[in-house]
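Peer 1: Once you've had a glance at the structure underneath, I'll fire off some questions.
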Amino acid sequence: MSLLDTESIRRDFPVLKRNVTGGQPLIYLDNAASTQRPQAVIDAMDECYLHYYSNVHRGIHTLSEESTRAYESARETTREFLNAASAREVIFAAGTTAAINTVARSWGDANVSAGDVILLLISEHHANIIPWHQLAARTGCRVEFIPIDENFEISDETVAEYLERFRPKMFAFAAASNTLGSEYPVQRWTSMAKQYGATVLIDAAQAAPHHQIDVQQWDADFVVFSGHKVCGPTGIGVLYGKEAMLDAMPAFLGGGGMILNVTTEGFTTHELPEKFEAGTPPIVEAIGLAAALKYLTAIGMENIHAHERILGARTDAGLREIDGVRVIGPTADKKGGINSFVIEGVHAHDVSQFLDGRGVAVRAGHHCTMPLHQAIGVTATARASCYLYNTTEEVDQLLAAVADVRAKFARSGRRRRSRRPVGPNA
């Protein structure tokens, strides 16, 4: 039984009141790509724009001082959300992608050499693959991948085998897969990696929205996540880094805000966290992010996670009962609210389009996990991802619509030619 009052929660999200194709009520199950915004986040951002917005830091006037207080208060809220030891360890970035690129450029260029190994999971999002391929092109290091087994799982023994074989300089992996839905043992794998001297980065984009994160307990060197996946605004994310690591890293982007002094001969960088926040920062977005984190914390992250697991298990079980449907992911006890699937003889884009006609929003494509899709031998999947405002009734409507897709296309025998999925698939 869910611990959430979903009826009350849904009233907090204005977009959930709308109808979509054919006047159907919106059933939003595309949360792994981006979540919706509660009124509290919209109000917090509006309040800034309407009453006290100005650029932050160094402004000796009322609006700038008020904006600066709100911006730095947002950093402290984020620190509390992550249980970081210091606000100096919390860097605001443009998103998870920008945060990983910062680490790959700053830490990577300073610490990685030819012959070194960057170890990833085959299920990683492109945001946690491409920056390391770019680092390999610059330094001569190489990128290696840990595979999944026939049950879409990765065992501790397999992780240990690859750590022993490659002794990586960096082990970067997602706490939860955006396609498989798998939830990985971050603290255990981090401890294993450190026994081999690896630096560890955790992509928490699919973990931060769903359960409590304690970066000190995880003990990873870097943790990253995005605002738009935790009911916050787009255009902002967080790079957490251990203070000693961030102190030792050279600044990545240069410009205003990240300097203490500039001369015709050179410059000196600011202290943390400004060192990694060049230019005008995402001020209003940070304020919105703080409102989102407070909103989720008030509901209770473990309550949210438990609710999603109930919906995820219901979705998983229902999909597996439909003839011709294959779930791409482990069993429900090993994942959260994400379920990716394929329907025999039906392209994922056709599935998504049909479901949209029923008011059901799902994602279709490769979900920015092309190496994973290649490894399992499919070009695209449909993905339904639940969140705190979804209900069992919505899951049942999804399942009924998927069954209708299967019945319709099984009769017609229609099959779309395989083609490269297009559009954003975050």
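Residues in the sequence shown are numbered from 1 upward in steps of one, following the working numbering.
Think of the CB as a built atom: it goes at the ideal place given N, C-alpha and C, for glycine as much as any other residue.
A quick note: this is a predicted structure, and the numbers were derived from the prediction, not measured.
With a cut-off of 8 Å on the beta carbons, I'd call Leu-448 and Pro-168 a contact; round off their distance for me.
Peer 2: In the structure as shown, the chain starts at 1 and stops at 426, and residue 448 therefore has no counterpart that could be examined.
Peer 1: Pick out whichever of Ile-322, His-305 and Glu-344 has its Cα sitting closest to the Cα of Ala-176.
Peer 2: Locating residue 176 in the sequence shown gives position 176, counting from the first residue. The option with the nearest alpha carbon to Ala-176 is His-305.
Peer 1: For Ala-110 and Val-103, what's the separation of their Cα atoms in angstroms?
Peer 2: Numbered from 1 along the sequence shown, position 110 holds the residue referred to as residue 110. Numbered from 1 along the sequence shown, position 103 holds the residue referred to as residue 103. C-alpha separation (whole angstroms): 10 Å.
Peer 1: Based on the DSSP output, what are the partners of Val-117 in its beta bridges?
Peer 2: Working through the sequence shown from its first residue, we reach residue 117 at position 117. According to DSSP, Val-117 bridges with Arg-142.
Peer 1: Would you say Thr-199 faces chain D, with C-beta separation under 8 Å as the test?
Peer 2: The displayed structure is made up of one protein chain only, and chain D is not part of it.
Peer 1: Can you grab the Cα-Cα spacing for the pair Gly-266 / Arg-58, in whole Å?
Peer 2: Looking up residue 266 in the sequence shown gives position 266. Looking up residue 58 in the sequence shown gives position 58. Taking the straight line joining both Cα atoms gives about 21 Å.
Peer 1: Tell me the rounded alpha-carbon separation between Ile-283 and Val-56.
Peer 2: Reading the sequence shown from its first residue, position 283 is the one you call residue 283. Reading the sequence shown from its first residue, position 56 is the one you call residue 56. Computed Cα separation, rounded: 8 Å.
Peer 1: Among the candidates Ala-364, Glu-76 and Asn-339, whose CA atom is the shortest distance from the CA of Val-351?
Peer 2: Translated into positions along the sequence shown, residue 351 becomes position 351. Comparing Cα positions, the closest option is Ala-364.
Peer 1: Can you grab the Cα-Cα spacing for the pair Ser-418 / Ala-204, in whole Å?
Peer 2: Counting from one through the sequence shown, the residue named residue 418 turns up at place 418. Counting from one through the sequence shown, the residue named residue 204 turns up at place 204. With a pLDDT of only 40 at Ser-418, under 50, the local geometry of the prediction cannot be trusted, and the value read off the model is given with reservation. The alpha-carbon atoms of Ser-418 and Ala-204 are separated by roughly 32 Å.
Peer 1: Between which residues of its own chain and Thr-269 is the CB-CB distance below 7 Å, once the five residues before and five after are set aside?
Peer 2: Translated into positions along the sequence shown, residue 269 becomes position 269. If we look at Thr-269 and ignore the five residues flanking it on each side, its Cβ neighbours are Ala-251, Met-258, Ile-259, Leu-260 and Lys-275.
Peer 1: Output the boundary residues of the beta strand (DSSP E) element that contains Ile-338.
Peer 2: On the sequence shown, residue 338 is found 338 positions in, with the first residue counted as 1. Ile-338 -> beta strand (DSSP E) spans 338–343.
Peer 1: What are the boundary residues of the alpha helix (DSSP H) that Arg-11 is part of?
Peer 2: In the sequence shown, counting from the first residue as 1, residue 11 sits at position 11. 6–11 is the extent of the alpha helix (DSSP H) around Arg-11.
Peer 1: If you reduce the DSSP assignment to three classes, tell me which class Tyr-240 lands in.
Peer 2: Numbered from 1 along the sequence shown, position 240 holds the residue referred to as residue 240. Strand at Tyr-240.
Peer 1: I need the straight-line Cα distance from Ser-155 to Met-170, nearest angstrom please.
Peer 2: Locating residue 155 in the sequence shown gives position 155, where the first residue counts as 1. Locating residue 170 in the sequence shown gives position 170, where the first residue counts as 1. Rounded to whole angstroms, Ser-155 to Met-170 spans 19 Å at the Cα level.
Peer 1: Should the region 63–76 be called in touch with the region 395–407, which here means at least 3 C-beta pairs below 8 Å?
Peer 2: With a cut-off of 8 Å, the region 395–407 and the region 63–76 do not count as touching, because too few Cβ pairs lie within range.
Peer 1: In this structure, how does DSSP classify Gly-59 when only helix, strand and coil are distinguished?
Peer 2: The count along the sequence shown starts at 1 and reaches residue 59 at position 59. DSSP places Gly-59 in coil when its eight states are reduced to three.
Peer 1: Should Gly-140 go down as buried or exposed, given a rule of 16 or more other Cβ atoms within 10 Å for buried?
Peer 2: Looking up residue 140 in the sequence shown gives position 140. When all chains shown are included, Gly-140 counts as exposed.
Peer 1: Closest by CA to Tyr-468, which one among Val-327, Ser-64 and Val-41?
Peer 2: This structure cannot speak to residue 468, because the chain is shown only from 1 to 426.
Peer 1: Residues in its own chain within less than 7 Å of Val-360 by CB, not counting five upstream and five downstream?
Peer 2: Residue mapping note: residue 360 aligns to position 360 of the sequence shown, counting from 1. Only Ile-27, Leu-29, Gln-397, Leu-398 and Ala-401 meet the Cβ criterion.
Peer 1: Could you please give the first and the last residue of the uninterrupted beta strand (DSSP E) stretch that includes Ser-226?
Peer 2: Within the sequence shown, residue 226 is the residue found at index 226, counting from 1. Residues 222–226.
Peer 1: List in chain order: all unbroken beta strand (DSSP E) runs of 3+ residues lying wholly within the region 179–218.
Peer 2: 199–203
Peer 1: Helix, strand or coil, according to DSSP, for Arg-69 in the structure here?
Peer 2: One-based indexing of the sequence shown puts residue 69 at position 69. Note: Arg-69 maps to helix in three-state DSSP.
Peer 1: Could you have a look at Asn-151 and say whether DSSP puts it in helix, strand or coil?
Peer 2: Taking the sequence shown and counting its residues from 1, one reaches residue 151 at position 151. Coil, per DSSP.
Peer 1: With respect to the beta strand (DSSP E) encompassing Ser-385, which residues constitute its N-terminal and C-terminal limits?
Peer 2: What you label residue 385 is simply residue 385 of the sequence shown in a count that begins at 1. Taken as a continuous stretch (DSSP letters only), the beta strand (DSSP E) holding Ser-385 covers 381–385.
Peer 1: Suppose you measure from the CA of Ile-226 to the CA of Glu-157; what does that come to, to the nearest Å?
Peer 2: What you label residue 226 is simply residue 226 of the sequence shown in a count that begins at 1. What you label residue 157 is simply residue 157 of the sequence shown in a count that begins at 1. In the sequence as displayed, the identity of residue 226 is Ser instead of Ile. Each residue's alpha carbon lies about 31 Å from the other.
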